[in-house]
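Student:
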Amino acid sequence: MTGAGAEEARRTLLTDARPAGGGERPVDLLIDGGRVVGVGPDLPAAGADVVDLEGRWVAPGLWDSHVHMDQWALVRQRLDLSSARSAAEVAALVGERLRSSPPPAGQSLVGYGFQDALWPDAPDRALLDAVSGDVPVVLVSKDLHAAWLDSRALREHGHADHPSGLLREQAAFDVNTAVSAVSEQQLDLWVAEAADAAAARGVVGVVDLEMTLSLDRWACRVAAGTRALRVRAGVYPADLDAVAALGLRTGDPVEGTDGLVTVGPFKIITDGSLNTRTAWCHDPYPGLEGDPAARGLPTYEADELVAWLRRASSAGFVPAVHAIGDAANSRALDALEEVGCGGSIEHAQLLDPQDVARFARLGIVASVQPEHAMDDRDVADRHWSGRTGRAFALESLVEAGVVLRLGSDAPVAPLDPWVAVAAATSRSRDGREPWHPEQRIVASAALAASTDGRSSVEAGSAADLVVTDLDPLAASDAELRAMPVSGTLLAGRRTHWTL
Ligand SMILES: [Zn+2]
90 MTGAGAEEAR RTLLTDARPA GGGERPVDLL IDGGRVVGVG PDLPAAGADV VDLEGRWVAP
150 GLWDSHVHMD QWALVRQRLD LSSARSAAEV AALVGERLRS SPPPAGQSLV GYGFQDALWP
210 DAPDRALLDA VSGDVPVVLV SKDLHAAWLD SRALREHGHA DHPSGLLREQ AAFDVNTAVS
270 AVSEQQLDLW VAEAADAAAA RGVVGVVDLE MTLSLDRWAC RVAAGTRALR VRAGVYPADL
330 DAVAALGLRT GDPVEGTDGL VTVGPFKIIT DGSLNTRTAW CHDPYPGLEG DPAARGLPTY
390 EADELVAWLR RASSAGFVPA VHAIGDAANS RALDALEEVG CGGSIEHAQL LDPQDVARFA
450 RLGIVASVQP EHAMDDRDVA DRHWSGRTGR AFALESLVEA GVVLRLGSDA PVAPLDPWVA
510 VAAATSRSRD GREPWHPEQR IVASAALAAS TDGRSSVEAG SAADLVVTDL DPLAASDAEL
570 RAMPVSGTLL AGRRTHWTL
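All residue numbers for the sequence shown refer to the numbering used here, where the first residue is 90 and numbers rise by one.
See the structure below:
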């Protein structure tokens, strides 16, 4: 199995290239030994493959700072139901897929991403039976808390007599686990496809926060030819001691991966989520007043969190602390300050205004997923009513001098940094009014937050580059979301190339 990323690096001269943000005058870029060795007019072509970029733009290669790669690879294989506005629409999508590309004989069709809370009609097994023929159909909801099955799949999963076919909670989790159980070989193949697809969007690296320890898996994948991405693979509390015992620390290369895979951050989850109203906040969720969990739930007491961070940082791990609610962010900052270890807060969705400056003062990275704001703006307007001016507060963070990183949390949003850049700069999608437009950030800030902090292409820098047909700093929201990427280089290797 060899993905597009298996290309060898070669000495390359890119001519008529416009460095994004570097003015209108085109230049040449000379690439050798995995690095950009020259930027300027009329560079020598001797011994180099010459590619005329015809005025296309070149920017540092893109990073997605928060993904779950296995989950994303699985979800990519599933029928996407996120656009459906009714049960009938879902049934139509299922019918169309079974006609156009049915799964191999004996396999189920698995769909993902429906959200039935506002539908005019109810999901029912009979709707699916009418279109499914002899293919079992399993549809998983966006939040994974529901699964809608046709009669054949209900029989297979032990729910033959279920009245509607819409399973909830544990029954739904069990079905999802069963349909997600693919062989390692199959999963690796799908991960390779997902990595190639990411490279085709200009991505050179991801921070993989998959919850099962993936250092060995990634080493196997690279050995098998999956070389389209750099990967920083996170480590959760359950695996901290085992990884530390190998003498590994954050940033260390994983053996046998040519430096493509490194040990990522120490990931620790300190509260829940907005949609489930478990994100831990200073104020109660409207309607939950008086409930013991009215403000959401912290996962750790303050001293426990400090103890984990101390343990991780003394073993050489940089923490990545999941905190969504404002109370969770305050506690995370308290703990990071006490331990003095630096690191990132993942999500940072709702912030106490005083905490914004603390990110900057402590040098804590805010790792945010702007497209979640587009997915969840209505939920936030309701559950964080009166507080949304400080939700996904990108401009407040940038203005305070906080180091910002953007990501997708794929599969929650697609692994495509252009989507994140579009959401961060427009705070709008599908033609809706921008949501809290005062928190939009400029394109140059959004791009720098999506390139691992590199803001320009300079001689001496890594030849991790993306070539686009449009100027990323001048593109509209719609143009950003569909940004035409004609080439991606990772250390000078062509991981995606159409030129
Ligand atoms: Zn995540």
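Cβ coordinates follow ideal geometry from the N, Cα and C atoms, glycine included. None of the values given here were measured: they were computed from a predicted structure.
1. Regarding Asp553 and ligand 1, is the C-beta to nearest heavy atom distance less than 7 Å?
2. DSSP has His436 in a bridge; who is on the other side?
3. To the nearest angstrom, report how far apart Arg114 and Ser190 are at their CA atoms.
4. For Asp560, I'd like the list of residues in its chain whose CB is within less than 6 Å of its CB, leaving aside the five on either flank, ordered along the chain.
5. Leaving aside the five residues before and after Ala333 along the sequence, list all residues of the same chain whose C-beta is less than 6 Å from its C-beta, in chain order.
6. From the DSSP secondary-structure annotation, give me the bridge partner or partners of Ser212.
7. Quick one: residues in its chain with C-beta nearer than 7 Å to the C-beta of Ala93, no 5 flanking neighbours on either side, listed in chain order?
8. With burial defined as no fewer than 16 other Cβ atoms inside 10 Å of the residue's Cβ, what is the status of Leu276: buried or exposed?
9. Between the alpha carbons of Thr104 and Leu119, how many angstroms are there, rounded?
10. With a threshold of 8 Å between beta carbons, is Leu228 in contact with chain C?
11. Let me know the secondary structure DSSP gives Trp586 once reduced to three states.
12. For ligand 1, enumerate in chain order all residues having a CB closer than 6 Å to any of its heavy atoms.
13. Could you have a look at Glu97 and say whether DSSP puts it in helix, strand or coil?
14. Please report the residue range of the alpha helix (DSSP H) in which Thr266 lies.
15. For the region 122–134 against the region 268–275, are there 3 or more C-beta pairs whose distance is under 8 Å?
16. So, are the CB atoms of Val556 and Gly150 less than 8 Å apart?
17. In the DSSP assignment, find the unbroken alpha helix (DSSP H) run with Gly405 in it and report its ends.
18. Between which two residues does the alpha helix (DSSP H) containing Asp380 stretch?
19. CA-CA distance, Leu569 and Asp250?
20. Closer than 8 Å is the cut-off here; do at least three beta carbon pairs connect the region 525–540 with the region 192–202?
21. Could you tell me whether the Cβ atoms of Ala446 and Ala412 are closer together than 8 Å?
22. Determine whether the beta carbon atoms of Leu163 and Leu228 lie at a separation below 8 Å.
23. Would you please state the rounded distance, in angstroms, between the beta carbons of Val292 and Leu588? I believe it to be under 8 Å.
24. Thr346 bridges to which residues according to DSSP?
25. Is the region 358–376 close to the region 301–317, with three or more CB pairs under 8 Å?
26. For Trp237, which beta-bridge partners are listed by DSSP?
27. Which one of His248, Ala98, Gly110 and Glu97 has the shortest CA to CA distance from Glu547?
28. Output the boundary residues of the alpha helix (DSSP H) element that contains Ser362.
29. What does DSSP give as the partner residue(s) for Arg319 in the beta ladder?
30. For the alpha helix (DSSP H) containing Trp279, list its first residue and its last residue.
31. Taking the C-alpha atoms as reference points, what is the distance between Trp307 and Val350?
32. Given a cut-off of 8 Å, decide if Leu216 and Leu238 are closer than it, judged by their beta-carbon atoms.
33. So, with DSSP's three-state summary, where would you put Met90?
34. By the three-class DSSP mapping on this structure, what secondary structure does Thr477 have?
Tutor: Judging by the given coordinates:
1. no
2. Ala412
3. 48 Å
4. Trp146
5. Ala404
6. At residue 212 the sequence reads Pro, which differs from the Ser that was named. In the DSSP output, where bridge partners are listed per residue, Pro212 has none listed.
7. For Ala93, the predicted structure reports a pLDDT of 48, less than 50, and the residue's modelled location is therefore unreliable. A value from the coordinates is still provided. Excluding positions up to five away in sequence, the list reads Asp285, Ala288, Ala317, Thr584 and His585.
8. buried
9. 9 Å
10. This model lacks chain C altogether; it includes just one protein chain.
11. strand
12. His155, His157, Leu298 and Asp498
13. coil
14. Glu258 to Ser269
15. no
16. no
17. No alpha helix (DSSP H) holds Gly405; DSSP gives it neither H nor E.
18. First-last for Asp380: undefined, no H or E at that position.
19. 48 Å
20. no
21. no
22. no
23. So it is not a contact: roughly 18 Å between Cβ atoms.
24. Looking at the DSSP assignment, Thr346 forms no beta bridge with any residue, so it has no partner.
25. no
26. Leu228 and Leu255
27. Gly110
28. Element bounds for Ser362: n/a, residue is neither H nor E.
29. Gly294
30. Glu273 to Ala288
31. 7 Å
32. no
33. Because the pLDDT of Met90 is 36, which lies under 50, any placement of that residue in the model is unreliable, and the number read from its coordinates should be weighed accordingly. DSSP places Met90 in coil when its eight states are reduced to three.
34. helix
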